[in-house]
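Participant:
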Ligand code: PLP
Ligand code: COI
């Protein structure tokens, strides 16, 4: 049973790690989420023992009973964050404690046990340390995916009494392959992502399952991402399938939809708000309607729109498509503020500048 002090992780290094030459080939162009490192971390939970048996071991399949609760009632949550090779050669993670806290909030919403923040961060450090050779150079990073799911063998609808927490890691390049161009987005008027009282603020797999059909519709309309509107009025812009959204106006002010339980409280979103305010820009967390978006784009009062998230970092949105018609933001190209905020954030994340907000977490 794990109480206040951190437990010792049993480390079983993989007997068959990927050979160095093969790894170098994989790292040359990893794409997003297709290449994985040699190891994974697992921690078990049961009602009687609490969190136990933390292990670092060879990455591989996980045996599950066909009646495991997650396969039926989707009691599953996850996180996403990145580790970088810093300018001085050391390894840095970006705000892992913030992901730990969001994981706890997701767990609470899904009636799952709370993993202590220190144990979450230690699990990440263990994996990053053993698989540090998998961090790509240059613009790449190591995407870390902690997740937890219900393993109790029982078909009754109730919170599971047993869980498995796992961390895997994937070297990644850009999320939008070959996209130097701004993104195009499809406004879904038929499907909503999250309703008040639902699970929109939690990072649970079910939210993403529900986003796949509208995301496929976006792709059919030749768009990169879907934009969700609020479930009640189908009017207020909420977020994209996997990113938060920001609007930049001609007076230099910035606006982003407020956190109200239906959108994911993005860690990148919060960082961007802080960076913009530190520049003296006015940032309003205020609802913004799709009609206003269309109107402000037409009048050119709206200068830039961008999406942000761990996987996508900061990406300009140039074109908006919907059943009501299409429109362009600004001149359809990346705006100045979008580019400079992305550069400022990336410099902090990669240790190329100072860390005025204490966001970097050195691992080695
Ligand atoms: N919104 C959704 C639905 C997401 O999946 C993500 C990605 O994690 C975000 C927003 C951005 O969150 P973060 O900046 O913490 O990665
Ligand atoms: C992330 O940015 O970490 C996400 O989870 C988004 C997903 C689209 C990969």
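Numbering (the working numbering), first residue to last: 196 to 559.
All C-beta atoms in this analysis are idealised placements derived from N, C-alpha and C, irrespective of residue type, glycine included.
It should be emphasised that the depicted structure is a prediction, and the values quoted were computed from it without experimental measurement.
Counting Cβ pairs closer than 8 Å, one from the region 201-218 and one from the region 229-237, do we hit at least three?
Facilitator: Touching, yes, given that three or more Cβ pairs across the two stretches are closer than 8 Å.
Participant: Who are the Cβ neighbours of residue 196 in its own chain at under 7 Å, not counting the five residues just before and after it?
Facilitator: Residue 196 sits at position 1 when you count from the first residue of the chain shown. At residue 196, the pLDDT of 47 sits below 50, so the modelled position is not reliable and the matter cannot be decided from this model.
Participant: What are the boundary residues of the beta strand (DSSP E) that residue 486 is part of?
Facilitator: Within the chain shown, the letter at position 291 stands for residue 486. Run containing residue 486: none in the beta strand (DSSP E); it sits in the alpha helix (DSSP H), 485-494.
Participant: Residues in its own chain within less than 6 Å of residue 317 by CB, not counting five upstream and five downstream?
Facilitator: The count along the chain shown starts at 1 and reaches residue 317 at position 122. Same-chain partners within the cutoff: 201.
Participant: Alpha carbon to alpha carbon, how far is residue 215 from residue 393? Give it in angstroms, no decimals.
Facilitator: Taking the first residue of the chain shown as 1, we reach residue 393 at position 198. Taking the first residue of the chain shown as 1, we reach residue 215 at position 20. The alpha-carbon atoms of residue 393 and residue 215 are separated by roughly 46 Å.
Participant: Near residue 315, which residues of its chain fall below 7 Å by C-beta distance, leaving aside the five closest residues on each side in sequence?
Facilitator: Within the chain shown, numbered from 1, the residue matching residue 315 stands at position 120. Once the five neighbours on either side are set aside, the close Cβ partners of residue 315 are 295, 298 and 341.
Participant: Cα separation between residue 368 and residue 252?
Facilitator: Position 173 of the chain shown holds residue 368. Position 57 of the chain shown holds residue 252. Cα to Cα, the separation comes out at about 25 Å.
Participant: Residue 272: which of 549, 398 and 313 sits nearest, CA to CA?
Facilitator: Within the chain shown, the letter at position 77 stands for residue 272. Per the Cα distances, 398.
Participant: Kindly indicate which residue of 353, 420, 212 and 436 has the alpha-carbon position closest to the one of residue 512.
Facilitator: Here residue 512 corresponds to residue number 317 of the chain shown, with the count starting at 1. Residue 420 is the option with its Cα nearest to residue 512.
Participant: Report back the beta-carbon spacing between residue 344 and residue 359 to the nearest angstrom; my notes put them in contact at under 8 Å.
Facilitator: Reading the chain shown from its first residue, position 149 is the one you call residue 344. Reading the chain shown from its first residue, position 164 is the one you call residue 359. Contact holds; Cβ gap of about 6 Å.
Participant: DSSP three-state call for residue 196: helix, strand or coil?
Facilitator: On the chain shown, position 1 is the one that residue 196 refers to. For residue 196, the predicted model reports a pLDDT of 47, less than 50, meaning its position is unreliable and no value from the coordinates is stated.
Participant: Would the region 457-477 and the region 529-541 be scored as touching if the rule is three or more Cβ pairs under 8 Å?
Facilitator: Yes, since at least three Cβ pairs between the region 457-477 and the region 529-541 fall closer than 8 Å, the two stretches touch.
Participant: Suppose the cutoff is 8 Å on Cβ atoms and the five residues either side in sequence are ignored; what does the same chain contact list for residue 448 look like?
Facilitator: Taking the first residue of the chain shown as position 1, residue 448 is located at position 253. Closer than 8 Å at the Cβ level, and outside the excluded window around residue 448, lie 476, 477, 478 and 479.
Participant: Ignoring anything shorter than 4 residues, give me the alpha helix (DSSP H) runs that lie fully in the region 306-360, in order along the chain.
Facilitator: Runs found: 312-325.
Participant: Name the residue from 339, 521 and 240 whose alpha carbon lies nearest to the alpha carbon of residue 232.
Facilitator: Counted from its first residue, the chain shown places residue 232 at position 37. That would be 339, whose Cα lies nearest to the Cα of residue 232.
Participant: Report whether the distance from the Cβ of residue 451 to the nearest heavy atom of the ligand PLP is below 6 Å.
Facilitator: Stepping through the chain shown from its first residue, residue 451 is reached at position 256. Result no, Cβ not under 6 Å from the ligand PLP.
Participant: Just verifying my parser: in three-state terms, what is the DSSP assignment at residue 291?
Facilitator: Indexing the chain shown from 1 puts residue 291 at position 96. Helix at residue 291.
Participant: Just curious, the alpha helix (DSSP H) that residue 532 is in, first and last residue?
Facilitator: Counted from its first residue, the chain shown places residue 532 at position 337. Counting along the chain, the alpha helix (DSSP H) containing residue 532 begins and ends at 531-544.
Participant: Can you tell me whether DSSP reads residue 217 as helix, strand or coil?
Facilitator: By one-based count along the chain shown, residue 217 stands at place 22. Here residue 217 sits in helix by DSSP.
Participant: Let me make sure I understand the geometry here. Which of 428, 330 and 407 has the alpha-carbon closest to that of residue 484?
Facilitator: By 1-based counting over the chain shown, the position of residue 484 is 289. Closest by alpha carbon: 428.
Participant: Which whole-angstrom value describes the C-beta separation of residue 506 and residue 333, a residue pair presumed to lie in contact below a C-beta threshold of 8 Å?
Facilitator: Within the chain shown, the letter at position 311 stands for residue 506. Within the chain shown, the letter at position 138 stands for residue 333. About 17 Å separates the two Cβ atoms, so there is no contact after all.
Participant: Tell me the DSSP secondary structure of residue 261 in three-state form.
Facilitator: Along the chain shown, read from residue 1 onward, the residue named residue 261 stands at position 66. The answer is coil: DSSP assigns residue 261 none of H, G, I, E or B.
Participant: Roughly how many angstroms separate the alpha carbons of residue 436 and residue 406, rounded to a whole number?
Facilitator: Position 241 of the chain shown, counting from 1, holds the residue named residue 436. Position 211 of the chain shown, counting from 1, holds the residue named residue 406. Looking at the two C-alpha atoms, the distance is approximately 6 Å.
Participant: Which of the three DSSP states is assigned to residue 222 in this structure?
Facilitator: Numbered from its first residue, the chain shown carries residue 222 at position 27. Residue 222 falls in the helix class under three-state DSSP.
Participant: Please state whether the Cβ-Cβ distance between residue 462 and residue 313 is less than 7 Å.
Facilitator: In the chain shown, the residue the question calls residue 462 occupies position 267. In the chain shown, the residue the question calls residue 313 occupies position 118. No, these two residues do not count as a Cβ contact at 7 Å.
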